[in-house]
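Down below is the structure, laid out as structure tokens.
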Amino acid sequence: MMSPVPLLAPCSTRWPAAAALVLAVAALAALPSVSSIRCFECNSVKDPYCKDLKANDTASLAYLKDCKDTVMPEGAVPFCRKIVQTVLAVGDRRVIRRCGYEKSTKPCYHVDDEDHAEVVCQCFEEACNGAPGRGAGPVLLLLASLAAAVSTAALQER
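So, in structure tokens, the structure goes:
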């Protein structure tokens, strides 16, 4: 007659494998997490298509870049940024899309100096710095144009 086979193997044969698994999971959990987001990166001075690229357009995918590849301070959390800039002397409107890491307290803000005016907007979702369908695009253009006109008038009064 055969001797009965134990249902469970002795602990000593299972311990090394279980311990290695627990240690591997603990080591992975201890690694710092890296957050990343993909944003459109381009400048309409170099590429006119940048002015109106849209998130849902296949041709726009070439401009989608992973922000983890952007140089930024350690621990910074990237987000997407879109800048609509008007060069006052020539009235040239430029669009710059890129990753950012220094957050503003406002979703959009206006910067104005002697030679240019710009509206800078930040967003925190994948590919969110593309041109809007029919939403804020005309509003941003109107604001940038208005800011340029006010700045030009102020400079002429000096």
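In terms of the numbering used here, the sequence shown opens at residue 1 and continues consecutively.
Glycine included, C-beta positions come from ideal geometry on N, C-alpha and C.
- Between V120 and C108, the C-beta gap is smaller than 8 Å, which places the two residues in contact.
- The count of Cβ pairs closer than 8 Å, one atom from the stretch 111-120 and one from the stretch 83-97, reaches three, so the stretches are in contact.
- Within the DSSP secondary-structure output, A127 pairs in no beta bridge.
- Our two residues, R98 and M72, have alpha carbons roughly 13 Å apart in a direct line.
- CA-CA distance, C123 to R93, rounds to 21 Å.
- Exclusion of the five residues before and after C42 leaves C50, Y63 and R97 as the residues of its chain whose Cβ lies within less than 6 Å of its Cβ.
- According to the DSSP assignment, I37 belongs to no beta strand (DSSP E), since it is labelled neither H nor E.
- DSSP places A117 within a strand segment (E or B) once states are collapsed to three.
- If you look at G100, you'll find it in the beta strand (DSSP E) that goes D92 to G100.
- The shortest C-alpha to C-alpha distance from A55 to any of E118, S104 and C80 is the one to C80.
- Assigned with DSSP and collapsed to three states, L64 falls in strand.
- Residue nearest to S60 within the set P78, R38 and G100 is R38 (criterion: CA-CA distance).
- Take the alpha-carbon of V95 and the one of P132: they are about 13 Å apart.
- Shown here, D52 sits in a helix according to DSSP, grouped into three states.
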